[in-house]
Amino acid sequence: MVIVMSWKGESNPSMGSSHSSISLMAYRHQAQFFLHLFVLFSLNAAVLSFDQRPNISAVDLAALSAIKDSLTDIPGSRFFSTWDFSAPDPCSSFTGVTCSFNRVTILSLGTGLSHSPGLAGSLSPALSNLTELTQLVLFPGLITGPIPPQLGQLTSLRVISLNNNRLTGPILTSFSTLPNLHTLDLSSNQLTGSIPLGLTKLPSLKVLILSSNDLTGELPRTVSAPLLHLDLKKNNISGLLPRLPLTLRYLSLSENSLWGPLNGLESLSELVYLDVSMNKFSGPIPSSLFLNPSLSSLFLQRNNLSGGLPSIKMDPTIESFGKGSIVDLSHNFITGQVTPLLAGVETLFLNNNHLIGPVPEECIKSVYSGTTKTLYLQHNFLSGFPLPQGLALPDTVSLCLSYNCMVPPVGISACPASAGTQPSRPESQCSEFSHLSSMD
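Residue numbers (UniProt numbering): 1 to 440.
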């Protein structure tokens, strides 16, 4: 830095030393002034330079770049349109990316919007470099290939949701080592193999959804994880019903090849939703299922269940089922009479069983009051449906009584096509079944 100073006025030899002192002081003041300006300029430049650097760790930024390279927007999707790697702050500008202290903690790939077709490609192993990741969400799309084995190294993961894509291969056994895993949803893919044993023992796992895959093998004898939600429907799982956690509120095992008794369901008093339909379960239905005040959806249809239904409440203060409830026991071999415990169920399917006798008065009143809106009793051996005096069937009710050992009341014809066109069974069938029933 060069500073030039000029002094105007006549020289005075007698003032030489004074002028020299003043000039030196002025020089020092001006030098300090310019030095301050230089320091301020340098600091501002440093701040600007810092602000222009990405507000994210270099490792995470490189991982995001690799993830983007392995995926692409399906035409009509614009998810990656905000992923500009020259942006100053990817943590705030990248769609689907959430950070904490410059590290990626949540990654949601895709928008999940109904009009967005999602992403295609494969999952990059670079996901494992996001070591602070707690949630990984993959929205529906066309992503193929296996789940990267490296995902099992991310010990901070609490949520893994990779549903509705075309992922193949087995479920990672390394998922069983994730101590903080709360939710695992791998549904609606093309995964194969068996469910890793360790997965059902994870101490923090509350939600496990593996439905609509090609999983095989048997379930472990005991599921000890403190699950609230377990959904394994639409697979090829076989074997007996395991011992399940008492914490369960939602259980769906439908459309598998499970067999044996339903005894394991007796102690699940917290259940709100239960679906074990379309399996090979046999034996009687546990009476506790009809006495559970929490249960509002019960699907046991299309099994080999037999025996009668409980008719007396063990505790008269317990109100089971109610508004919005649905019970489907159809297409089994259930015998005996219709239980009044099912009066009040909003949607009730008891068709295609071996039920006999008259329909209980409580159930009929529930239908004619409009509380029960759907009652299917077709294809049984029922002998009576006494109509209540002075009441008409509400227009909102669907009631089907065809193909029983009685003539359905006039005006009741709200039957599905599968019920057939015959209003009653042949007398020979009713007599033969009555004789066989009396011998049991």
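The C-beta atom is built at its ideal place from N, Cα and C for all residues, glycine as well.
Alpha carbon to alpha carbon, how far is residue j from residue i? Give it in angstroms, no decimals.
{"i": "Q52", "j": "S86", "result": "The predicted position of Q52 is uncertain, since its pLDDT is 46 and thus under 50; no value can be drawn from it."}
{"i": "G264", "j": "K233", "result": "17 Å"}
{"i": "T105", "j": "L136", "result": "9 Å"}
{"i": "D73", "j": "T111", "result": "11 Å"}
{"i": "N189", "j": "H229", "result": "19 Å"}
{"i": "T396", "j": "I237", "result": "39 Å"}
{"i": "L71", "j": "L138", "result": "11 Å"}
{"i": "Q337", "j": "S116", "result": "52 Å"}
{"i": "G420", "j": "N404", "result": "12 Å"}
{"i": "S296", "j": "L251", "result": "12 Å"}
{"i": "T247", "j": "F299", "result": "19 Å"}
{"i": "S291", "j": "A343", "result": "Contrary to the premise, residue 291 reads as Leu rather than Ser in this sequence. Going from the Cα of L291 to the Cα of A343 covers about 13 Å."}
{"i": "L348", "j": "Y376", "result": "6 Å"}
{"i": "S424", "j": "F433", "result": "14 Å"}
{"i": "G307", "j": "G370", "result": "29 Å"}
{"i": "Q422", "j": "P261", "result": "34 Å"}
{"i": "A63", "j": "P245", "result": "38 Å"}
{"i": "S122", "j": "I143", "result": "5 Å"}
Among the options, which has the Cα closest to the Cα of residue i?
{"i": "Q429", "options": "P388, A419, L391, S383", "result": "S383"}
{"i": "V410", "options": "S257, S418, C400, P416", "result": "C400"}
{"i": "I171", "options": "L184, N180, P179, R243", "result": "L184"}
{"i": "N353", "options": "P426, N304, P293", "result": "N304"}
{"i": "F80", "options": "D60, S100, S108", "result": "S108"}
{"i": "residue 441", "options": "L113, T82, S77", "result": "No answer is possible for residue 441: the residues shown for the chain start at 1 and end at 440."}
{"i": "I67", "options": "D89, A392, P148", "result": "P148"}
{"i": "T335", "options": "L341, I356, A392", "result": "I356"}
{"i": "A417", "options": "R221, H379, E132, N256", "result": "H379"}
Following a CB-centred definition, is residue i positioned closer than 7 Å to any heavy atom of the ligand GDP?
{"i": "A62", "result": "Here there are no bound small molecules, and the ligand GDP is not part of this structure."}
How about residue i and residue j: do their beta carbons lie closer than 8 Å?
{"i": "G239", "j": "L219", "result": "yes"}
{"i": "S65", "j": "N102", "result": "no"}
{"i": "N213", "j": "L199", "result": "no"}
{"i": "L127", "j": "D60", "result": "no"}
{"i": "S187", "j": "I160", "result": "no"}
{"i": "V345", "j": "S330", "result": "no"}
{"i": "P394", "j": "I364", "result": "no"}
{"i": "T177", "j": "G152", "result": "yes"}
{"i": "H182", "j": "V207", "result": "yes"}
{"i": "R249", "j": "M278", "result": "no"}
{"i": "K280", "j": "L258", "result": "yes"}
{"i": "N164", "j": "P146", "result": "no"}
{"i": "P293", "j": "S320", "result": "yes"}
Run through the DSSP bridge pairs and tell me what residue i is partnered with.
{"i": "W259", "result": "L240, K280"}
{"i": "D275", "result": "S252, F299"}
{"i": "T335", "result": "H354"}
{"i": "P170", "result": "T192"}
{"i": "V159", "result": "Q135, T183"}
Within 8 Å of any Cβ in chain D, is that where the Cβ of residue i sits?
{"i": "F85", "result": "The question asks about chain D, but that chain is absent: this structure has only one protein chain."}
(request) Could I get the ranges of all uninterrupted alpha helix (DSSP H) runs contained in the region 181-253, with 4 residues as the minimum, in chain order? (result) none
(message) Suppose only complete runs of 4+ residues qualify. What are the alpha helix (DSSP H) ranges in the region 347-401, listed by chain order?
(response) 361-368
(request) Give, in chain order, every unbroken run of the alpha helix (DSSP H) that is at least 4 residues long and sits entirely within the region 87-116. (result) 90-93
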